[in-house]
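Working notes for the structure below.
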């Protein structure tokens, strides 16, 4: 793999990890909010 | 139930996103390639800010834990901040190791080396994974907060070891360059700007995610308390019904 390949892999992986964490946080928060409203 | 006002939290979220887009533009195109490492050095703009945020997150966890242990400042707010920040610290430490590995392969020729900086960073990751596991062990809120606060303070001892590992031992990993006054690193203006911009973008992202994670922690604690109250009420009601039922006569032999 060329240097550019490692750079692209690193930037893509960072974006994917951060986006996945943010989505997981949002989904779990909405789930908790729904349970809270339902009492 | 948030650390920041909702509008402020949202604004920081958007600012973080915009800062990350600018970082990508400069990190991938704006900054020139390094004279020695070529394009592989572009991973520095993520690797260094990720490591910085991991240090920051664990420092916040340690400070919040100390504030929980101090009787005058004891509040569950500090326990929630400690837990939320530790999770972010684990996320950014994992990213630091991943990016370091991807950077190490073209520059050092290996994915991993049993080097003091790499090993102490991996130990840091596992220490805080253990801390997060400890937070999941069922216990009364005060008991859990106390044991986790003590564990967080012990785990934090590894942070200065990670930082100074490159000066204390001979390592493959380079020593600090930007902050070394003796070295007087002559870094290209755009490269320096991109590096500092990365630190700013990741700091904004950390503040935004900490606020969101804190809200989730508070919501889940609330739900847990409600479930417990409901279970106790049901148990009490059940006991009352059985007490009110007339006792059956037992035949005497």
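Protein chains in written order, with our numbering: chain A, 1 to 39; chain B, 40 to 292.
Glycine is no exception: its CB is placed at the ideal position from the N, C-alpha and C atoms.
All values derive from a computational prediction rather than experimental measurement.
Contacts that residue 259/B makes with chain A (C-beta to C-beta distance below 7 angstroms): 32
Quick check on residue 46/B - is its C-beta less than 8 angstroms from some C-beta in chain A? no
Using a Cβ cut-off of 7 angstroms, pull out every chain A residue sitting near residue 252/B, in sequence order please. 25
Residues that residue 85/B contacts on chain A, provided the C-beta gap is smaller than 8 angstroms: Ordered by position in chain A, the residues that pass the 8 angstroms Cβ test against residue 85/B are 10, 11, 14.
Are any of the Cβ atoms in chain B nearer than 8 angstroms to that of residue 37/A? No - not a single Cβ of chain B is within 8 angstroms of the one on residue 37/A.
Pick helix, strand or coil for residue 181/B, following the three-state DSSP scheme. helix
Between which two residues does the alpha helix (DSSP H) holding residue 14/A run? 3-38
When we look at the beta-carbon of residue 227/B and count the other beta-carbons within 10 Å, is it buried (16 or more) or exposed? That one is exposed.
So, are the CB atoms of residue 131/B and residue 195/B less than 8 angstroms apart? no
Expressed to the nearest angstrom, what Euclidean distance is found between the alpha-carbon atoms of residue 169/B and residue 183/B? CA-to-CA, the gap between residue 169/B and residue 183/B works out to about 14 angstroms.
For residue 77/B, does the three-state DSSP call read helix, strand or coil? strand
Status (buried if at least 16 other CB within 10 Å, exposed otherwise) for residue 34/A: So residue 34/A ends up on the exposed side.
Cβ pair residue 91/B, residue 201/B closer than 8 angstroms: no
Grab the span of the alpha helix (DSSP H) containing residue 153/B for me, first residue to last. Element bounds for residue 153/B: n/a, residue is neither H nor E.
First and last residue of the alpha helix (DSSP H) that includes residue 227/B? Looking at the DSSP string, residue 227/B is not in any alpha helix (DSSP H), and its letter there is neither H nor E.
Taking just the CA atoms, how far does residue 16/A sit from residue 151/B? 22 angstroms
Starting from residue 88/B, trace the alpha helix (DSSP H) both ways and give me its first and last residue. Following the DSSP letters along the chain, one finds residue 88/B inside the alpha helix (DSSP H) bounded by residues 83-108.
Would DSSP call residue 210/B helix, strand or coil? coil
Considering Cα atoms alone, identify which of 133/B, 190/B, 154/B is closest to residue 173/B. 190/B
Please report whether the beta-carbon of residue 79/B lies at a distance below 8 angstroms from any beta-carbon of chain A. yes
With residue 42/B as the anchor, note down where its alpha helix (DSSP H) starts and where it stops. Neither: residue 42/B is in no alpha helix (DSSP H) and is coded neither H nor E.
Which residues, in order along the region 135-147 of chain B, keep a beta-carbon less than 8 angstroms from a beta-carbon of chain A? Only those residues of the region 135-147 of chain B whose C-beta falls short of 8 angstroms from the nearest C-beta of chain A are listed: 137, 138, 141, 142, 144, 145.
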